[in-house]
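Comments concern the structure below.
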């Protein structure tokens, strides 16, 4: 039977031979471990999906010149485009539908996006996209507040918010029971926050976070309001309710790694051995994770530079000189 957060923390303290350890310390270390999993690994357990529409009226203009389509605010918990959807991964994780046909967008660097031809009247079917994770450099910098609140299914009211310090209308919201892409639409006062999208579940004491969302751009700007699907890797919300079971399913890894981290507190010489053991266990989990052993896993080359449509890589010398 899966162990709760409280049980894992207690067992780790026992194994580290510090049974009287502060439970808050163990919970803090467990949340750090789970954050690290989100940051360093692409697992389906931390995958999200964001549905939105491209907007032909949302075009970036710099110095009077029409540039790419956007910005489209991403979910606050966005880390990167999903690579946990099999070996096809990132290249097929973002697409839109046009006349019932899916069109996949190729991932670009911002530098490549900036080097595209920028002229009025170029809006068409987008084929490339880039994300701008600035102005903040890390996920922690993007989050202005992590707190708890009560969500109600199909309601836009987030009630009993433990703290509203630093909150502003338009900031992104993410967490338990919060739909991807949600922002603050109003701050009516007290401990209530009004959400732009109704909650997906009823949860008391839900862990939620607020902050500045990263942005996404597409090229060329869209010629229609095409419905999009974006699969992405999430920064999972902090665990505050110790009666819950952790979202990461390999509990032996969590117990081993948490025990090792607890040993840091007491300078236990067994730390190195347990860290090595937890690394091995993570590798074993990778081999069988996410229901991908029932089909061949292949290497997928970059569609921008490989494939039968080589003419796409030729310079456009007919209408624009280089």
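In our numbering, the protein residues as written are 15 to 336. Ideal Cβ placement from N, Cα and C applies to all residues, glycine included.
In this structure residue 44 is not in contact with residue 192, their Cβ atoms being roughly 22 Å apart against a cut-off of 8 Å.
Proximity to residue 208 across 235, 178, 236, 219 peaks at 178, based on C-alpha coordinates. The DSSP-derived three-state label of residue 108 is strand. Three or more Cβ pairs closer than 8 Å define a contact, and the stretch 164–181 falls short of that threshold against the stretch 135–148.
With respect to residue 227, residue 127 sits apart: the two C-beta atoms are not nearer than 8 Å.
The residue from 304, 257, 145 with its alpha-carbon nearest to that of residue 233 is 145. Per DSSP, reduced to three states, the secondary structure at residue 45 is helical. Under DSSP, residue 223 takes part in a beta bridge, and its partners are 160, 188.
Residue 270 counts as buried, since no fewer than 16 other beta carbons sit within 10 angstroms of its beta carbon. In this structure, residue 30 sits near residue 282, with a CB-CB distance shorter than 8 Å. With a cutoff of 8 Å on beta-carbon distance, residue 132 and residue 81 are scored as near each other. With a threshold of 16 other beta carbon atoms within 10 Å, residue 267 meets it and is buried. Pairing residue 38 with residue 27, the inter-Cα distance amounts to about 12 Å. Going by DSSP, residue 123 is part of no alpha helix (DSSP H) at all; its letter is neither H nor E. With respect to the 8 Å criterion, residue 106 and residue 242 are not classified as neighbours on the basis of their beta carbons.
Taking 8 Å as the cut-off, the Cβ atoms of residue 91 and residue 248 count as close. 8 Å or more divides the Cβ of residue 83 from the Cβ of residue 260. Comparing alpha carbon positions, the residue from 276, 300, 301 closest to residue 289 is 276. DSSP places residue 289 in the helix class (H, G or I) of the three-state scheme. For residue 245, DSSP records a beta bridge to 63. With distances taken between CA atoms, residue 184 lies nearest to 200 out of 200, 158, 172, 190. Here residue 199 carries a strand assignment [DSSP, helix/strand/coil].
Secondary structure note for residue 271: its alpha helix (DSSP H) is the uninterrupted segment 265–280.
Under DSSP, residue 35 takes part in no beta bridge, so it has no partner.
Judged by DSSP secondary structure, residue 212 falls outside any alpha helix (DSSP H); it is assigned neither H nor E.
DSSP, read as helix, strand or coil, puts residue 206 in strand. The stretch 55–63 makes no contact with the stretch 209–221, as fewer than three CB pairs between them are under 8 Å.
Beyond the five residues adjoining it in sequence on each side, residue 86 comes within less than 6 Å, by CB distance, of 230 in the same chain, given in chain order.
When the beta-carbon positions are compared, residue 158 and residue 240 stay at least 8 Å from each other. Between residue 161 and residue 176, the CB-CB gap stays under 8 Å. When secondary structure is reduced to three states using DSSP, residue 93 falls in the strand class.
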